[in-house]
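In UniProt numbering, the protein residues as written are 1 to 490.
For glycine and all other residues, C-beta sits at the position ideal for the given N, C-alpha and C.
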Amino acid sequence: MTIHIYNTLTGKKERLEPLEPNHVKLYVCGITSYDFCHIGHARSALAFDMIVKYLRYRNYKVTYVRNFTDIDDKIINRAAEQNTSSFELADRFIHEFYTDMDRLGIDRPDMEPKATEHIQEMVQIISELIDKGMAYQAGNDVYYAVETFSEYGKLSRRNLEDMQAGARISVNEMKRNPMDFVLWKGSKPGEPKWDSPWGEGRPGWHIECSAMSRKYLGNTFDIHGGGKDLIFPHHENEIAQSEGANGCSFVKTWIHHGFVTIRDEKMSKSLNNFLTIRDLLEHYHPEILRFFVFSTHYRNPLDFSELAMQDATAGLERLYAAIAAVDALTTDGRSDSDSVITDKDRQQMLSIEERFQKAMDNDFNSAQAQSVLFDAAKSINRILQGLPPEPASDDLVFLHATRDLVKKLAAIMGLLEEDAQTFLDAQKQKMLSAIDMDEVTIDNLIEERRLARSTKNWARSDEIRDELLAHNIELKDGPEGTSWTVKRTS
RNA sequence: GGCGGCGUAGCCAAGUGGCCAAGGCAGUGGUCUGCAAAACCAUUAUUCAGCGGUUCGACUCCGCUCGCCGCCUCCA
1 MTIHIYNTLT GKKERLEPLE PNHVKLYVCG ITSYDFCHIG HARSALAFDM IVKYLRYRNY
61 KVTYVRNFTD IDDKIINRAA EQNTSSFELA DRFIHEFYTD MDRLGIDRPD MEPKATEHIQ
121 EMVQIISELI DKGMAYQAGN DVYYAVETFS EYGKLSRRNL EDMQAGARIS VNEMKRNPMD
181 FVLWKGSKPG EPKWDSPWGE GRPGWHIECS AMSRKYLGNT FDIHGGGKDL IFPHHENEIA
241 QSEGANGCSF VKTWIHHGFV TIRDEKMSKS LNNFLTIRDL LEHYHPEILR FFVFSTHYRN
301 PLDFSELAMQ DATAGLERLY AAIAAVDALT TDGRSDSDSV ITDKDRQQML SIEERFQKAM
361 DNDFNSAQAQ SVLFDAAKSI NRILQGLPPE PASDDLVFLH ATRDLVKKLA AIMGLLEEDA
421 QTFLDAQKQK MLSAIDMDEV TIDNLIEERR LARSTKNWAR SDEIRDELLA HNIELKDGPE
481 GTSWTVKRTS
């Protein structure tokens, strides 16, 4: 089996064939650091985190580069508003970015270059483009001449005529063609600036990715990723710059993930409907966010809602509950007990990893892969159900092995990484803090009910249970006594 | 206006032409239980927005219609 990936450039799913055997070189556009990250940024980071983890699980060596845009108009403007320098502002939000990413359990890329540390490399590429007649200086700016790149528009499937018909292009008399884009911007007084052959200034947005990907991954590399909104103009312009300067193919496979939406609309600052990662983590465990994100294929829109998060919570708790139940088993069974595990169960367990891989090989279909985890949890629960008080040691070995496999596969999505019982207890505490009940009161009532039950005083027993239920506490009588959970409302 | 995508059960969501259209949440019946809860078993779309076409056969391919969304300006 081989991995197939949807390539935006060709519009097809293609077999992954790294240019260098077994070594995938990946470049992802990171954030512009001028504000806290929202859940759209989280989706991007999570999607590529999952992709990299899966490729490594499949024994590929991965070189993963993700940049920081730490100089740009938004940063300069925001810094001016806050009476700070663009450097300090960018640094601060890079720091905040790491805080969020760490909480989400996202692995650091292998390299995280910053634009401001690669000005020379950018100047170099711009010079090459000017030498080739593909870029020109106009005033203090340097522009890319899109007409010199015959394939301009190949990624976003549009042509220069159509785009100009769109007529949403700002008029700039310096440009030879309205679609020409800036490579180097002359600086205005007070703005951050670097020396260049064209005077003091700063780089345009797109050039940093061409310069940094070339430096760290070479002229041609395997995969370049980002959000769908980067297809045009950002990635289109990167192709024009890199292929123009290098004279060879830039990227083999382009991966673009879908947006996070709220009420089916894209989150955006202008609509003021965005949620920051830390806002969300106030209310939900990071793995719940991960579960939610991976419950939809990465290219489809992901609609955020409280209900969706509750569904994700219920789903993740179900998986953790199955793991916790196996964790709670003793490890030494009886060698002379009969096995309760059927051949069908064994077969299903053997197929779990294969089915998981089949789903993930198909353009990283994490939604389908999750369903395999649920099937495994169901099998575990079914076996547990039929387990005698003194289970066969072979059956215990089987259950522990199944649990370990489920955890190994879930880890590719960053799920089930916590101790299961600890996770469930923490969720219970979180629910408890939202209602007007404390543990001591609950325990006292459970004890009173235990006494009532021991005398078969069912009336009082049920009264206590109903009273607790009125406070959303649900009781569960088991062989080892009574436990409780906080019932989910709404 | 140009380009791209989506429309699958009450909700969410997979489905790379052909065994009964995954899985989750919710619901219903049963097992278990003093009664419950959890779990398990069963059940819940003769049908995949609508209409045509290609095919022995389409949710899957093609065309048209309707509805929704995105990009074309900064954006994950």
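Report task. Kindly indicate the opening and closing residues of the beta strand (DSSP E) around Pro203. Result -> Along the first sequence, one-based indexing puts residue 203 at 203. First-last of the beta strand (DSSP E) with Pro203: Gly201 to Pro203.
**Report entry** Local Cβ density within 10 Å of Met413, reported as buried at 16 or more and exposed below that
**Finding:** The sequence position of residue 413 within the first sequence is 413, counting from 1. Met413 is buried by the Cβ-count criterion.
Report task. Using 10 angstroms around the beta-carbon of Val397, count the other beta-carbons present and answer buried if the total reaches 16, otherwise exposed. Result -> The sequence position of residue 397 within the first sequence is 397, counting from 1. Looking at its Cβ environment, which holds fewer than 16 other Cβ atoms inside 10 Å, Val397 is exposed.
**Report entry** Whole-angstrom distance between Phe93 and Leu274, CA atom to CA atom
**Finding:** Along the first sequence, one-based indexing puts residue 274 at 274. Along the first sequence, one-based indexing puts residue 93 at 93. Checking the sequence shown, residue 274 turns out to be Phe, not Leu. Between Phe274 and Phe93, the C-alpha separation is close to 17 Å.
Report task. Could you tell me which uninterrupted beta strand (DSSP E) segments, each at least 3 residues in length, are contained entirely in the region 92 to 125, listed from first to last along the chain? Result -> none
Requested in this report: Could you give the DSSP three-state label for Phe221: helix, strand or coil?
Outcome: Taking the first residue of the first sequence as position 1, residue 221 is located at position 221. Of the three classes helix, strand and coil, the one that applies to Phe221 here is strand, per DSSP.
**Report entry** 6 Å Cβ shell around Tyr54 - same chain, five flanking residues per side excluded
**Finding:** For this step, residue 54 is matched to residue 54 along the first sequence. Here the set comprises Met360 and Ile412.
Report task. Excluding the 5 residues preceding and the 5 following Asp107 in the sequence, name in chain order all residues of the same chain whose CB lies nearer than 8 Å to its CB. Result -> Your numbering for residue 107 matches position 107 in the first sequence. Answer for Asp107: Asp49, Val52 and Lys53, listed in chain order.
Query raised in the report: On the three-state DSSP scale, how would you describe Leu155?
Result: Sequence index remark: in the first sequence, residue 155 carries index 155 (1-based). Coil.
Report task. For Thr63, count neighbouring C-beta atoms within 10 Å of its own C-beta (all shown protein chains included) and say buried if the count is 16 or more, exposed if not. Result -> Numbered from its first residue, the first sequence carries residue 63 at position 63. Per the 10 Å Cβ criterion, buried.
Query - Bridge partner(s) assigned by DSSP for Tyr64 - result: Position 64 of the first sequence, counted from the start, is the residue given in the question as residue 64. In DSSP, Tyr64 forms a bridge with Leu26.
Query raised in the report: Apart from the five residues just before and just after Asp419, which ones in its own chain have a Cβ nearer than 6 Å to its Cβ?
Result: The residue you call residue 419 lines up with position 419 of the first sequence. Nothing listed; no residue qualifies.
Query raised in the report: If you check the beta carbons only, do Leu183 and Ala135 fall under 7 Å apart?
Result: Position 183 of the first sequence holds residue 183. Position 135 of the first sequence holds residue 135. It is a contact, given that the beta carbons lie within the stated cut-off.
Query raised in the report: With which residues is Thr69 paired in a DSSP beta bridge?
Result: In the first sequence, counting from the first residue as 1, residue 69 sits at position 69. DSSP, once it has assigned bridges, lists Thr32 as partnering Thr69.
Query raised in the report: For Gly133, which beta-bridge partners are listed by DSSP?
Result: Here the question's residue 133 lines up with position 133 in the first sequence. DSSP lists no partner for Gly133.
Query raised in the report: Can you tell me whether DSSP reads Asp361 as helix, strand or coil?
Result: The residue you call residue 361 lines up with position 361 of the first sequence. Here Asp361 sits in helix by DSSP.
Report task. Just list the beta strand (DSSP E) runs in the region 224 to 260, keeping only unbroken ones of 3 residues or longer that don't cross its boundaries, in chain order. Result -> 251 to 257
Query raised in the report: Helix or strand or just coil, what does DSSP make of Glu448?
Result: Counting from 1 along the first sequence, the entry for residue 448 is found at position 448. Helix at Glu448.
Report task. Identify, in the order they occur along the chain, each residue of the same chain with its Cβ nearer than 7 Å to the Cβ of Asp338, setting aside the five sequence neighbours on each side. Result -> The residue given as residue 338 occupies position 338 in the first sequence. Hits under 7 Å: Ala392.
Query raised in the report: By a C-beta neighbour count over all protein chains shown, 10 Å radius and 16 as the cutoff for buried, is Asp195 buried or exposed?
Result: For the purposes of this step, residue 195 is taken as residue 195 along the first sequence, with counting starting at 1. Exposed, since its Cβ has fewer than 16 Cβ neighbours within 10 Å.
**Report entry** Thr253 classed as buried or exposed, judged by whether at least 16 other C-beta atoms fall within 10 angstroms
**Finding:** The count along the first sequence starts at 1 and reaches residue 253 at position 253. Buried, by the Cβ-count rule.
Query raised in the report: Can you tell me the Cα-Cα spacing of Ala324 and Arg290, whole angstroms?
Result: Sequence index remark: in the first sequence, residue 324 carries index 324 (1-based). Sequence index remark: in the first sequence, residue 290 carries index 290 (1-based). In a straight line, the C-alpha of Ala324 is about 20 Å away from that of Arg290.
Requested in this report: Name the residue from Thr422, Ser213 and Val260 whose alpha carbon lies nearest to the alpha carbon of Ala115.
Outcome: Counting from one through the first sequence, the residue named residue 115 turns up at place 115. Comparing Cα positions, the closest option is Ser213.
Query raised in the report: Can you check whether the CB of Ile39 is closer than 7 Å to the CB of Leu280?
Result: Looking up residue 280 in the first sequence gives position 280. Looking up residue 39 in the first sequence gives position 39. For Leu280 and Ile39, yes; Cβs fall inside 7 Å.
Query - Contact check, Ile352 vs Ala376, beta carbons under 7 Å - result: Start at 1 with the first residue of the first sequence, and residue 352 comes out as number 352. Start at 1 with the first residue of the first sequence, and residue 376 comes out as number 376. It is a contact, given that the beta carbons lie within the stated cut-off.
**Report entry** Backbone secondary structure at Val293 - three-state DSSP
**Finding:** Reading the first sequence from its first residue, position 293 is the one you call residue 293. Reduced to three states, the DSSP call for Val293 is helix.
Query raised in the report: Does the separation of the CB atoms of Phe356 and Ala369 fall below 7 Å?
Result: By one-based count along the first sequence, residue 356 stands at place 356. By one-based count along the first sequence, residue 369 stands at place 369. Yes, the pair counts as a contact, with Cβ atoms nearer than the cut-off.
Query raised in the report: Should the region 311 to 325 be called in touch with the region 452 to 461, which here means at least 3 C-beta pairs below 8 Å?
Result: no
Requested in this report: Please go through the same chain and pick out, in chain order, the residues whose beta-carbon is closer than 6 Å to the beta-carbon of Arg263, but skip the five residues on each side of it.
Outcome: Taking the first residue of the first sequence as position 1, residue 263 is located at position 263. Same-chain partners within the cutoff: there are none.
Query raised in the report: From which residue to which residue does the beta strand (DSSP E) around His4 run?
Result: Numbered from its first residue, the first sequence carries residue 4 at position 4. Here the beta strand (DSSP E) through His4 covers His4 to Asn7.
Query raised in the report: Does the pairing of the region 80 to 100 with the region 123 to 134 give three or more beta-carbon distances under 8 Å?
Result: no
Query raised in the report: Which parts of the UniProt domain "Cysteinyl-tRNA synthetase class Ia DALR" (355 to 424) are runs of the alpha helix (DSSP H), unbroken and 4 residues or longer, counting only runs that do not cross its ends?
Result: 366 to 385 and 393 to 410
Query raised in the report: What do you get for Ser433, buried or exposed, if any count of 16 or more other CB atoms within 10 angstroms of its CB means buried?
Result: Counting from one through the first sequence, the residue named residue 433 turns up at place 433. So Ser433 counts as exposed.
Query - Nearest neighbour of Ala45, chosen from Tyr57, Glu17 and Glu112 [CA to CA] - result: For this step, residue 45 is matched to residue 45 along the first sequence. Closest by alpha carbon: Glu112.
Requested in this report: To the nearest angstrom, report how far apart Glu151 and Asn381 are at their CA atoms.
Outcome: In the first sequence, residue 151 corresponds to position 151, counting from 1. In the first sequence, residue 381 corresponds to position 381, counting from 1. In a straight line, the C-alpha of Glu151 is about 56 Å away from that of Asn381.
Query raised in the report: In the structure shown, what three-state DSSP assignment does Gly166 receive?
Result: The residue labelled residue 166 in the question sits at position 166 within the first sequence. Note on Gly166: pLDDT 49, under 50, position unreliable in the model; no value is reported.
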